[in-house]
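According to the working numbering, the sequence shown holds residues 1160 to 1323 in order.
Where is the CB? At the ideal position from N, CA and C, for every residue including glycine.
Some notes on the structure that comes next.
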Amino acid sequence: MNVNRPEVEMTRLDDLEVVFVGESVSVRFGERHAATHHLDRRLFFTVRVQAPGLDARLEGVTNFVTGRGLARFLEGLDFRGWEGERRWVNADRDLIVSATHRSGGRVELAWTIRPWRHSVCGEWEVTVTTAMEAGAEKDDLAAQLHAFLTAEGFPVEYSEAGFS
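Following this line, the structure appears as structure tokens:
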């Protein structure tokens, strides 16, 4: 499988998926691959977003073991709220998640995917927005993503990088 990283030898880990479904929108994480070189601590996966009239798929999204993971970002979203927008970006800047607190204890998440490489076909970017309850529902998604991003034999070491 070509996951847009031809220079990296990878092995497929399993068929685990995390799917978050909002009102007529879904965000799916799947197809986990790990670099086979013992010094390369990257996990690669696919993110697919779907909405009415939209089906976009981005392969080769990277989770570095030294970066603060998406799961930790979601865990840190306090149900009591915050001012403005909080944002998480992965190292290759091909996956961006923006969070805004809404009334009624809800969190609005804007999921943006875009290829990290530019191609002769041009650039593209897709953003879909989902909303969820800021307590248990958000915590459940964070736990699922934590399990997805920390594949067995592939531990993630978290740091403070990745926030803006």
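Which of helix, strand or coil DSSP assigns to residue i
{"i": "leucine 1175", "result": "coil"}
{"i": "leucine 1268", "result": "strand"}
{"i": "valine 1258", "result": "A small correction: the amino acid at residue 1258 is alanine; valine does not occupy that position in the sequence shown. Here alanine 1258 sits in strand by DSSP."}
Segment limits, beta strand (DSSP E) that includes residue i
{"i": "arginine 1273", "result": "It is not in any beta strand (DSSP E) - arginine 1273 carries neither H nor E in the DSSP assignment."}
Pairwise C-alpha distance: residue j and residue i
{"i": "threonine 1225", "j": "leucine 1213", "result": "Confidence is the limiting factor: at threonine 1225 the pLDDT is only 46, short of 50, which leaves the residue's position unreliable, though a coordinate-based value still follows. Distance between the alpha carbons of threonine 1225 and leucine 1213 is about 33 Å."}
{"i": "phenylalanine 1307", "j": "leucine 1175", "result": "7 Å"}
{"i": "alanine 1293", "j": "phenylalanine 1238", "result": "5 Å"}
{"i": "valine 1206", "j": "valine 1180", "result": "13 Å"}
{"i": "leucine 1236", "j": "proline 1274", "result": "27 Å"}
Beta carbon of residue i nearer than 8 Å to that of residue j
{"i": "aspartate 1298", "j": "isoleucine 1272", "result": "no"}
{"i": "leucine 1300", "j": "phenylalanine 1188", "result": "no"}
{"i": "threonine 1221", "j": "aspartate 1199", "result": "no"}
{"i": "leucine 1172", "j": "histidine 1192", "result": "yes"}
Nearest residue (CA-CA) to residue i, options the options
{"i": "leucine 1233", "options": "His1192, Ala1295 and Asp1199", "result": "Ala1295"}
{"i": "threonine 1309", "options": "Ala1215, Val1285, Phe1204 and His1260", "result": "Phe1204"}
Opening and closing residue of the alpha helix (DSSP H) in which residue i lies
{"i": "arginine 1231", "result": "1229 to 1234"}
{"i": "glutamate 1296", "result": "1295 to 1308"}
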